[in-house]
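To start, the structure itself, in structure tokens.
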Amino acid sequence: MVKLYLAFAALLSGSTNAWTVPMTMKAGTSSTNSRRDFFAKTAAIATSLAAPAVTKAYTVPDLPYPYEALEPYIDTPTMKIHHDKHHGTYVANLNKATEGKDEVPILDLMEDALSATPIRNSGGGHYNHAFFWKEMAPESEAKGTKPSAQLEELINKSFGSMDEMKAKFEAQAAPGAVFGSGWVWVCVNKAGDELKIVGTPNQDNPLMKGVTDEIMFPILGLDVWEHAYYLKYQNRRPEYVSNFWNVVNWDVVNKNCAYVIEKHAGVSV
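Residue numbers for the sequence shown follow the numbering used here, so the first one is 2 and each next one is one higher.
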């Protein structure tokens with residue numbers, strides 16, 4: 002109401018001269034036009050103030066590092082296109098699909114996403130990418146991080162060693178395992194006592210009911226869609242996957258692991 006009052010006050014003030022007809026002019030046509038202009042402006046302002054604001058519930062998060070920070074393992078042009086264009090498209094389509102509905106955290110939309118195609122594709126794409134950006138860091142920073150005692154214990158229990166986990170992850174990320182487009186994840190199982198490596202097609206993720214035997218909670222994920230690597234690696238996906246380890250920020254993965262074990266819930270993005 003305050004904004005409406007101020008807008009009308011400004012308009013009235015600015016229109017006083019338009020309603021005052023100079024003595025040297027004939028009042029007829031000029032006065033009529035001024036009144037018409039006044040009412041037209043008034044109607045326009047009232048309409049704009051009454052119209053509901055168009056909000057964009059979901060937005061593309063800023064990268065936590067510059068585009069070029071992951072060189073030479075993930076190239077600058079790929080990061081720009083991947084973050085700004087591909088992730089941006091998922092967010093734009095998600096906002097269209099949820100227009101007029103109550104705003105819901107993207108994590109909360111994941112469980113039942115398979116029952117709603119726009120949420121499955123665009124919502125999954127938004128969650129997966131927002132998760133992905135956070136878990137990486139420049140090589141100079143990433144090499145100073147390592148798995149926590151909690152995560153290391155789970156790795157050894159689930160796979161035997163870090164090397165074995167990496168080998169199984171890379172095998173799952175191979176073109177023959179995830180055919181076409183998709184993601185590869187290291188997840189904590191629902192019980193919170195074991196790690197699993199899961200491949201998912203398209204923009205599915207293990208938080209979605211029905212993607213795997215049970216809902217699981219990702220702590221690390223890798224995008225193996227061609228748009229994530231093709232400018233630099235072309236058809237050499239295994240090289241892209243093996244180079245990924247150079248930019249993994251284990252501090253973030255450790256926090257993800259601790260959170261999902263404590264909360265038995267997915268990580269917010």
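Beta carbons are placed, not taken as given, at the ideal position from N, Cα and C, and that holds for glycine. Source: prediction; values computed, not measured.
How is the alpha helix (DSSP H) around residue i delimited, first residue to last?
{"i": "Trp251", "result": "251–264"}
{"i": "Phe132", "result": "125–135"}
{"i": "Leu232", "result": "231–234"}
{"i": "Pro239", "result": "238–245"}
{"i": "Gly89", "result": "89–98"}
{"i": "Ile156", "result": "150–160"}
{"i": "Pro272", "result": "Since the first residue shown for the chain is 2 and the last is 270, residue 272 is missing from the structure and cannot be characterised."}
Would DSSP call residue i helix, strand or coil?
{"i": "Leu110", "result": "helix"}
{"i": "Asp224", "result": "strand"}
{"i": "Thr146", "result": "coil"}
{"i": "Thr213", "result": "strand"}
{"i": "Pro219", "result": "strand"}
{"i": "Pro73", "result": "coil"}
{"i": "Leu115", "result": "helix"}
{"i": "Tyr59", "result": "coil"}
{"i": "Val270", "result": "coil"}
{"i": "Asp164", "result": "helix"}
Output yes or no for whether 9 Å exceeds the beta carbon distance between residue i and residue j.
{"i": "Phe170", "j": "Leu208", "result": "no"}
{"i": "Asn190", "j": "Glu215", "result": "yes"}
{"i": "Asn250", "j": "Ala143", "result": "yes"}
{"i": "Ala232", "j": "Thr79", "result": "First, the residue type needs correcting, since residue 232 is Leu and not Ala in the sequence shown. Contact flag set, yes."}
{"i": "Ala259", "j": "Tyr241", "result": "no"}
{"i": "Leu155", "j": "Glu195", "result": "yes"}
Using the rule of at least 16 other Cβ atoms within 10 Å of the residue's Cβ for burial, across every protein chain shown, is residue i buried or exposed?
{"i": "Asn129", "result": "buried"}
{"i": "Asp205", "result": "buried"}
{"i": "Thr30", "result": "The predicted model places Thr30 with a pLDDT of 46, which falls under 50 and marks its position as unreliable; any figure quoted below should be read in that light. Exposed, by the Cβ-count rule."}
{"i": "Lys264", "result": "exposed"}
{"i": "Gly145", "result": "exposed"}
{"i": "Thr306", "result": "The requested residue 306 is not part of the displayed model; the chain covers only 2 to 270."}
{"i": "Gln173", "result": "buried"}
{"i": "Val261", "result": "buried"}
{"i": "Ser141", "result": "exposed"}
{"i": "Gly183", "result": "buried"}
{"i": "Phe245", "result": "buried"}
{"i": "Phe180", "result": "exposed"}
{"i": "Lys158", "result": "exposed"}
Note to self: Please give me, in chain order, every unbroken run of the beta strand (DSSP E) with length at least 3 that falls completely inside the stretch 168–208.
What the structure shows: Complete beta strand (DSSP E) runs here, min 3: 183–189, 196–202.
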